[in-house]
Amino acid sequence: MRAHRLAMPTLAALLVAASFELAAVPVNVTYTDSAGEGFFDPVLGPARQAAFSYAMNLWASRLQGTVPVQVQASFDPLGGNASSAVLGQAGFTTVHANFPGAPLPNVWYPQPLANQLAGSDLSPQPDITAVFNSDVDGPVVLGATSFYYGTDANPGTNIDFVTVVLHEFGHGYGFTDLIDSSNGQWLLGQPDIYGLQLTQHGVGDFDTMSNAQRLAALTSNQVYWNGPNVVAAKGGDVKIYAPNPYENGSSISHWDVSNTPDLLMEPAYFGAHHDIDLTKQAFQDLGWTVLPPAGVQDWCLY
Ligand SMILES: [Zn+2]
Numbered sequence: 006m007r008a009h010r011l012a013m014p015t016l017a018a019l020l021v022a023a024s025f026e027l028a029a030v031p032v033n034v035t036y037t038d039s040a041g042e043g044f045f046d047p048v049l050g051p052a053r054q055a056a057f058s059y060a061m062n063l064w065a066s067r068l069q070g071t072v073p074v075q076v077q078a079s080f081d082p083l084g085g086n087a088s089s090a091v092l093g094q095a096g097f098t099t100v101h102a103n104f105p106g107a108p109l110p111n112v113w114y115p116q117p118l119a120n121q122l123a124g125s126d127l128s129p130q131p132d133i134t135a136v137f138n139s140d141v142d143g144p145v146v147l148g149a150t151s152f153y154y155g156t157d158a159n160p161g162t163n164i165d166f167v168t169v170v171l172h173e174f175g176h177g178y179g180f181t182d183l184i185d186s187s188n189g190q191w192l193l194g195q196p197d198i199y200g201l202q203l204t205q206h207g208v209g210d211f212d213t214m215s216n217a218q219r220l221a222a223l224t225s226n227q228v229y230w231n232g233p234n235v236v237a238a239k240g241g242d243v244k245i246y247a248p249n250p251y252e253n254g255s256s257i258s259h260w261d262v263s264n265t266p267d268l269l270m271e272p273a274y275f276g277a278h279h280d281i282d283l284t285k286q287a288f289q290d291l292g293w294t295v296l297p298p299a300g301v302q303d304w305c306l307y
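Shown next, in the form of structure tokens:
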């Protein structure tokens, strides 16, 4: 389709280079709310969809892939009180091992990543499901504080929805462990690629542990991400959130709150944050090919 440019040697070189260019992963979003509510709320719906799309595009632009990511998203009442609430929840829906192209044998990979590594859709299930707490926009949960649906990272005293979506889809794309928090076992006796990045200071890597050791590690407050890309970026391993007692939905699947500056994948909202920061290197450790930010070129032909 660009053949008319082939007469120009410089552009021919561009075409050759372009064949090596990595493409952002396509994403298909289905809003599963009923008519008139959630993402289809007559007042808030358009702004909710716009902010959600903004965050989804930000993620997709950074992840290389060819297999469309199927996303289902909704708003539902998740409760809370005047000072505390779950803002959203998201996760991948299936995991896969020993698929064609799997980097490591007998290791679970989350569906959105496994699909890209395999080059085909390994499951008809949606890859990622996400729910956001509609109660936040009401008067009771978090009081007068509501979601902010602008995309300029300037939420004032409200909660930046773009940040929440970015965080939740960090989980959806793979920033989540599969370890059984009741007994320390891997899922069906097989490690997950996230768990393989983890080490406990003074004990060792999670894949060298007994189930009892791994169970103890979950609440040791001494868990660190030891994957090579994160270590190279930070000059050492990086602390993972592993408080005692175990916090369902928070422990292990977040960076520790002591990290400075704050990181997108910490367990609590700390303000507007539109940067995937260290999630980039963590995702590289998991097996994602992460693209440079839009507008940044790694090479120049001119
Ligand atoms: Zn989280």
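Everything in the sequence shown is counted per the working numbering, starting at 6 for the first residue and increasing by one.
Every residue, glycine too, gets a C-beta built ideally from N, C-alpha and C.
Integer Cβ distance of residue i from residue j, believed to fall under 8 Å
i: residue 257; j: residue 269; result: Between residue 269 and residue 257 the Cβ distance is about 16 Å, and since that is not below 8 Å, they are no contact.
i: residue 274; j: residue 169; result: 7 Å
i: residue 238; j: residue 283; result: 7 Å
i: residue 327; j: residue 216; result: Since the first and last residues shown for the chain are 6 and 307, residue 327 lies out of range.
Check whether residue i and residue j have beta carbons under 8 Å apart
i: residue 118; j: residue 106; result: no
i: residue 68; j: residue 29; result: yes
i: residue 84; j: residue 78; result: no
i: residue 191; j: residue 179; result: no
i: residue 232; j: residue 290; result: yes
i: residue 244; j: residue 260; result: yes
i: residue 242; j: residue 112; result: no
i: residue 98; j: residue 131; result: yes
i: residue 229; j: residue 204; result: yes
i: residue 133; j: residue 174; result: yes
i: residue 167; j: residue 279; result: yes
Residues near residue i in its chain [Cβ-Cβ closer than 8 Å; skip 5 each side]
i: residue 302; result: Only weak support is given to the placement of residue 302: the predicted model assigns it a pLDDT of 45, under 50, and the question is left unresolved by the model.
i: residue 296; result: 27, 29, 66, 67, 68, 69
i: residue 39; result: 45
Cutoff 6 Å; reference residue i; Cβ partners in own chain excluding five residues on either side
i: residue 101; result: 114, 119, 127
i: residue 391; result: Nothing about residue 391 can be read from this structure; the chain reaches only from 6 to 307.
i: residue 57; result: 170
Same chain, Cβ closer than 7 Å to residue i, neighbours up to 5 away in sequence not counted
i: residue 62; result: none
Exercise for review: Mind the definition here: the stretch 156 to 165 touches the stretch 70 to 84 only if three or more C-beta pairs lie below 8 Å; say whether that holds.
Suggested key: no
Check your understanding: How about the stretch 138 to 157 and the stretch 50 to 62: do they share at least three Cβ pairs that are nearer than 8 Å?
Key -> yes
Point to revise | At least three beta-carbon pairs within less than 8 Å, the stretch 207 to 226 to the stretch 133 to 152 | key: no
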